[in-house]
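Numbering (this note's numbering), first residue to last: 908 to 1308.
Structure, as structure tokens:
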């Protein structure tokens, strides 16, 4: 029976678990998803594929993410959240190591698809495990730090790639980061164990049977969370993708100005998730979400009605504080409203909608730019979506009520 099976309790305490989980996000998102963009010119030159193939491969990453975002939400309660998460980080390590030896475009596309899948399937069970392992009073700060993991991974990419690429090539970069990810996975296996802890009796009683999981998704609160995640994709992804293009093509700033804007976003993002999470532990997650969406709305306003470079930089500051925090506060809030198994289901479907929102926003941005010649349409959409999430967060239930 499930409640009598042998288990392997984690050796790691809440602080070490938080650091490990943050490193998982840094590896699966920073190395797994964003490393290809940094190495793409070198890989393309070596393998000889064109930009049409680049488009297909980047789309395959998104496809892998969307499919496994949905599947992992339902598989985690069956396989175990910890097994799903650790399996995902091992998959990420294996794919990065395999990329160092890849010699065909087809194989590269398959590995990139699996890396997208690993990114989705590591984050969703992580939200459920955080609910079990991290004390409630520290959960907001912990998830805020985890959500900033992507920024740390991208920062490490920016340091490793120029240091390793000239001497060892893109294969050497993949080999190094794949080895680091494998060591991280092995450390996690030792410190966390492979078997999942049994769910507490109270949580078992509140857990929904698998066949009733759809009922959980159709609750008004669930529908509100799912709408919020779709709107997050609709606002954050286009803003992220079109900011540099707007600054250089529409506002005619040089490369250094655009780089400065992204430096502000990156530096503030590395601490913004942690700061907002810590604030959430003090003032409630719902109020922290309200503040975050207010900052996101202010960023969109600055980008849309810019009066100079200072206004764009002000928008970058607001965006940096809000962007990574959004992706930590929502799972933290979900974890306070559902049992661990239902958290995986709600967050899994929510991640699919997050990706779909990003697809819709990016498509709209491209079409709008093509038809109007400017980026006002896409940042108008970003503002509308950010304001909608702000209003929605005002009506969400206070988790401490």
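From the three backbone atoms N, C-alpha and C, an ideal C-beta is built for every residue, glycine too.
Using the Cα positions of residue 1292 and residue 1307, report the straight-line distance between them to the nearest angstrom. Translated into the one-based positions of the chain shown, residue 1292 becomes position 385. Translated into the one-based positions of the chain shown, residue 1307 becomes position 400. Distance between the alpha carbons of residue 1292 and residue 1307 is about 27 Å.
How would you call residue 927, buried or exposed, if buried means at least 16 neighbouring beta carbons within 10 angstroms? Taking the first residue of the chain shown as position 1, residue 927 is located at position 20. It counts as buried.
Ignoring anything shorter than 3 residues, give me the beta strand (DSSP E) runs that lie fully in the segment 1109 to 1193, in order along the chain. none
For residue 1309, which of helix, strand or coil comes out of DSSP? Coverage of the chain is limited to positions 908 through 1308, which leaves residue 1309 absent and any answer about it impossible.
Could you check if residue 925 is buried or exposed, using at least 16 other CB atoms within 10 Å of its CB as the buried criterion? Looking up residue 925 in the chain shown gives position 18. Buried, since its Cβ has 16 or more Cβ neighbours within 10 Å.
For residue 1136, is the classification buried or exposed, using 16 other Cβ atoms within 10 angstroms of its Cβ as the cut-off for buried? Within the chain shown, residue 1136 is the residue found at index 229, counting from 1. Under this definition residue 1136 is a buried residue.
For residue 1040, tell me which candidate among 923, 1019 and 1055 has the shortest Cα-Cα distance. By 1-based counting over the chain shown, the position of residue 1040 is 133. Nearest C-alpha to residue 1040: 923.
Taking only three categories from DSSP, how would you classify residue 1066? Locating residue 1066 in the chain shown gives position 159, counting from the first residue. It is helical.
Three-state secondary structure (DSSP) at residue 1282? By 1-based counting over the chain shown, the position of residue 1282 is 375. Looking at residue 1282 - three-state DSSP - the assignment turns out to be coil, as it is neither helix nor strand.
Residues in the same chain with beta-carbon distance under 7 Å from residue 1044, minus the five sequence neighbours each way, listed in chain order, please. Residue mapping note: residue 1044 aligns to position 137 of the chain shown, counting from 1. Here the set comprises 1188.
Look up residue 1045 in the DSSP assignment and say whether it is helix, strand or coil. Stepping through the chain shown from its first residue, residue 1045 is reached at position 138. In this structure, residue 1045 counts as helix in the three-state DSSP scheme.
Option in 971, 1221 and 1208 with minimal Cα separation from residue 1294: Translated into positions along the chain shown, residue 1294 becomes position 387. With distances taken between Cα atoms, residue 1294 lies closest to 1208.
For the segment 1175 to 1186 and the segment 1234 to 1243, state whether three or more C-beta atom pairs, one from each stretch, are separated by less than 8 Å. yes
Simplified DSSP state of residue 975, which is helix, strand or coil: For this step, residue 975 is matched to residue 68 along the chain shown. DSSP places residue 975 in helix when its eight states are reduced to three.
Using beta-carbon positions only, say whether residue 932 and residue 1048 come within less than 8 Å of one another. Locating residue 932 in the chain shown gives position 25, where the first residue counts as 1. Locating residue 1048 in the chain shown gives position 141, where the first residue counts as 1. No. Outside cutoff.
Per-residue DSSP class, three states only, for residue 1214: For the purposes of this step, residue 1214 is taken as residue 307 along the chain shown, with counting starting at 1. Reduced to three states, the DSSP call for residue 1214 is coil.
Option nearest residue 1235 by Cα separation, candidates 1275, 1260 and 1193: Locating residue 1235 in the chain shown gives position 328, where the first residue counts as 1. Closest by alpha carbon: 1193.
Taking 7 Å as the limit between beta carbons, can you name the residues of its chain near residue 1262, skipping five residues before and five after? The sequence position of residue 1262 within the chain shown is 355, counting from 1. Same-chain partners within the cutoff: 969, 972, 973, 976 and 1140.
Proximity below 8 Å, CB of residue 1023 to CB of residue 950: Walking along the chain shown from the start, residue 1023 turns up at place 116. Walking along the chain shown from the start, residue 950 turns up at place 43. Not a contact, by the Cβ cut-off of 8 Å.
Residue 961 to residue 1016 span [Cα, whole Å]: Taking the first residue of the chain shown as position 1, residue 961 is located at position 54. Taking the first residue of the chain shown as position 1, residue 1016 is located at position 109. C-alpha separation (whole angstroms): 9 Å.
With H, G and I counted as helix, E and B as strand and the rest as coil, what does DSSP make of residue 1246? If you number the chain shown from 1, residue 1246 lands on position 339. In the displayed model, residue 1246 falls within coil according to three-state DSSP, outside both helix and strand.
Rounded C-beta distance between residue 1232 and residue 1179? I'm assuming under 8 Å. Locating residue 1232 in the chain shown gives position 325, where the first residue counts as 1. Locating residue 1179 in the chain shown gives position 272, where the first residue counts as 1. Contact holds; Cβ gap of about 5 Å.
Beta carbon proximity, residue 1012 to chain C, threshold 8 Å: Going by chain labels, chain C is absent from the structure shown, which holds only one protein chain.
I need the straight-line Cα distance from residue 959 to residue 1152, nearest angstrom please. On the chain shown, residue 959 is found 52 positions in, with the first residue counted as 1. On the chain shown, residue 1152 is found 245 positions in, with the first residue counted as 1. Rounded to the nearest angstrom, the two C-alpha atoms are 20 Å apart.
Residue span of the alpha helix (DSSP H) that contains residue 949, given as start and end: Position 42 of the chain shown, counted from the first residue, corresponds to residue 949. Per DSSP, residue 949 belongs to the alpha helix (DSSP H) from 942 to 954.
Helix, strand or coil for residue 964? Go by DSSP, reduced to three states. As a first step, residue 964 is located in the chain shown; it is residue number 57 there, counting from the start. In the structure shown, residue 964 adopts helical secondary structure according to DSSP, grouped into three states.
Could you say which of 1206, 1199 and 1076 lies nearest to residue 1168 if we only look at CA atoms? Walking along the chain shown from the start, residue 1168 turns up at place 261. With distances taken between Cα atoms, residue 1168 lies closest to 1206.
Quick one: what does DSSP say residue 1102 is sitting in, helix, strand or coil? Within the chain shown, the letter at position 195 stands for residue 1102. The answer is coil: DSSP assigns residue 1102 none of H, G, I, E or B.
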